[in-house]
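Final position of the sequence shown in the numbering used here is 468; the numbers increase by one with none missing.
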Amino acid sequence: MDLRRLLLPVRSRLTLVLCAALVGALGSAALAVAPEPALEALPVEYTTPLDFTPGGAGTGGGPVGDPPAVPSSFSLLPDYVTPVKNQSVCGSCWAFASYGAMESNILMQGGPTEDFSENHLKNYHAFDWAPCEGGNHYMHQAYLARLDGPVDEADDPYNPLAGPPSPGGPRQSFLRQSVTYSAPETIKNTVMTVGALYTTMYYNASYYNSGDDTYYYSGTENINHAVAIVGWDDAKVVSGAPSAGAWLIRNSWGTSFGNNGYFWISYDDDKACSFGASFVADDADTAVRCHYYDTYGYITSVNSPYGYNRFTVTEDEELTAVGVYAMQDEAQYTITVYDTVDGSNKPTGLLGTIAGALAKGFHVLDLASAIAIDAGDDFVVCLYMQNSGTHPLAIDLAVAGYNSASTANPGESFYSFDGVTWVDITTFDDTANFCIKAYTIPEPATMAFLGLGVVGLALVRRRRMKK
2 MDLRRLLLPV RSRLTLVLCA ALVGALGSAA LAVAPEPALE ALPVEYTTPL DFTPGGAGTG
62 GGPVGDPPAV PSSFSLLPDY VTPVKNQSVC GSCWAFASYG AMESNILMQG GPTEDFSENH
122 LKNYHAFDWA PCEGGNHYMH QAYLARLDGP VDEADDPYNP LAGPPSPGGP RQSFLRQSVT
182 YSAPETIKNT VMTVGALYTT MYYNASYYNS GDDTYYYSGT ENINHAVAIV GWDDAKVVSG
242 APSAGAWLIR NSWGTSFGNN GYFWISYDDD KACSFGASFV ADDADTAVRC HYYDTYGYIT
302 SVNSPYGYNR FTVTEDEELT AVGVYAMQDE AQYTITVYDT VDGSNKPTGL LGTIAGALAK
362 GFHVLDLASA IAIDAGDDFV VCLYMQNSGT HPLAIDLAVA GYNSASTANP GESFYSFDGV
422 TWVDITTFDD TANFCIKAYT IPEPATMAFL GLGVVGLALV RRRRMKK
């Protein structure tokens, strides 16, 4: 079965159950992607006709635990938002909305007013779309997680027209996590505590009331614009909406639109603010390295609870953190680092383990202790997910028209249904890899790892198991 052919973008959500051939060693067990990978031909940009949102099975809704009560109105303005920008004729709203969220989070943490380069993001996201053809927050997650950005606006100024891309400059921040929330009360709580959130809507000027800068749409059109949620007012009256209440929105059409670039969307809008995605930042450290195979990040998910990636380093490094995706809230994870694998591809030589629970989204998790890895050595990062839906592990694989350049090699990613028998995932799809990233720093271990906060950790020296 050609999985990539079945994952072509379509106008409605895919409902096919996509299965691979039987795995001989596991009897009737077969690896399969999520039955609704949510690959939809939905525009996420007002100026482009094509876009779709990748995704997988699982439910969103909030962080682990119940959020506290929130007030009837709240705004991040003026202290916790950066200046409104103008995307102009380019289909780059997704870049402005997601960076608006990240810059807001830095302000919420007491950091400086940042101005990250949307130009660099739209030019170097690596997906199939041209720089002004649109995008989504998953693309931004992938770009940040593999350490391609963010870079400063001054190092790559915004250009809405076609032109040769700039090489940019040094990375200015680090993505600690990007979580998706769907419950309205949780979205509100997160805006109050984390900062602005990326979201989407359907925009048509005929539904916009310029008299009071409000918007309400009732219908079934596809989403076509990305914006940032920066507040709300439960008593706000929006013309035409059946009830009071609205989200305060930061747009990317300059300060001449709306109220200095801001407007209100009714809670009752059929296509707006159905979710909010955070972009939580941490300090940058240009010495940080990322080992990965999933250039494009989360495309869909599979039904095996165990997966690992096997990496090799070319210099002496210290493994300090691991990046993974959770498919739903309160997902219970165990990350285990091993020295190598045996002849049957089973990980061996325990080096360290961490466990806990995660909200739906991408997370970078610190190890309890840094693990030293010698140049030329391999190491294995294994992820076990529980309570994370029927398809708990995120994978990257090629999808025509979206990330068609995605590739994989035998020996990189392996899956298991029982943690004992391991199968190379390229036997399922020859472009597939697990979304498991390994973050390292060069030795010595005493250097301050500012990007991930792993300062002064005890060094765990590797002892290679004799074969």
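Each residue gets a CB set at the ideal place from its N, CA and C atoms; glycine is no exception.
Integer Cβ distance of SER93 from GLU115, believed to fall under 8 Å = SER93 to GLU115, Cβ: 18 Å. No contact.
Is PHE97 helix, strand or coil when you go by DSSP?
-> Looking at PHE97 - three-state DSSP - the assignment turns out to be helix.
Going along the chain, which residues of its own chain have a beta-carbon closer than 6 Å to the beta-carbon of THR181, five neighbours each way excluded?
-> Taken in chain order, the residues that qualify are GLY61, PHE276, ALA278, LYS361, GLY362.
Which residues DSSP lists as bridging PRO348, in chain order | Here PRO348 is bridged, per DSSP, to VAL342.
Report, in whole angstroms, the separation of the C-beta atoms of ILE437 and ASN310, which I expect to be a contact under 8 Å.
-> 4 Å
Could you tell me which of LEU359, TYR263, PRO168 sits nearest to ARG177, measuring between CA atoms?
-> Of the candidates LEU359, TYR263, PRO168, the one whose C-alpha sits nearest the C-alpha of ARG177 is LEU359.
Can you tell me the Cα-Cα spacing of VAL381 and SER370, whole angstroms?
-> 16 Å
Starting from MET140 and walking both ways along the alpha helix (DSSP H), at which residues does that stretch end?
-> 138-146
In the DSSP assignment, find the unbroken alpha helix (DSSP H) run with LEU122 in it and report its ends.
-> 119-125
For PRO185, three-class secondary structure by DSSP = helix
List the residues that DSSP assigns as beta-bridge partners of SER74.
-> In DSSP, SER74 forms a bridge with ASP234.
Assumed close pair VAL281, ILE250 - CB separation to whole angstroms, cut-off 8 Å | Not really, about 20 Å apart at Cβ, beyond 8 Å.
Could you tell me the distance, in whole angstroms, from the CA atom of THR305 to the CA atom of GLY111?
-> In the sequence under discussion, the amino acid at residue 305 is Ser, which differs from the Thr named in the question. Approximately 41 Å between the Cα atoms of the pair.
Segment contact flag, the region 404-415 with the region 288-299, C-beta cutoff 8 Å, min 3 pairs | yes
Terminal residues of the continuous beta strand (DSSP E) containing PHE276?
-> First-last for PHE276: undefined, no H or E at that position.
Just the C-alpha distance for ASN404 and ALA332, rounded to the nearest angstrom, thanks.
-> 27 Å
Endpoints, beta strand (DSSP E) assigned at PRO151 | Here PRO151 belongs to no beta strand (DSSP E), and DSSP marks it neither H nor E.
Assuming ASN210 and SER240 make a contact with CB atoms under 8 Å, what is their CB distance in whole Å?
-> 5 Å
In three-state terms, what does DSSP make of ASN87?
-> ASN87 falls in the strand class under three-state DSSP.
Closer than 8 Å by C-beta to TYR125: which residues in its own chain qualify, once you throw out the five before and the five after it? Chain order, please.
-> Answer for TYR125: TYR144, ASP149, GLY150, PRO166, GLY169, listed in chain order.
Cutoff 6 Å; reference ASP425; Cβ partners in own chain excluding five residues on either side = PRO411, PHE415
Option in THR349, PHE435, ASP343, ALA327 with minimal Cα separation from THR337 | THR349
Distance, THR432 Cα to VAL342 Cα = 22 Å
Do VAL82 and VAL231 have their CB atoms nearer than 7 Å?
-> yes
Please look up how many angstroms separate the CB atoms of ASP234 and SER74, rounded, as I've assumed it's under 8 Å.
-> About 4 Å separates the two Cβ atoms, so the contact holds.
Taking just the CA atoms, how far does HIS141 sit from ALA395?
-> Near 16 Å, if we compare the C-alpha coordinates of HIS141 and ALA395.
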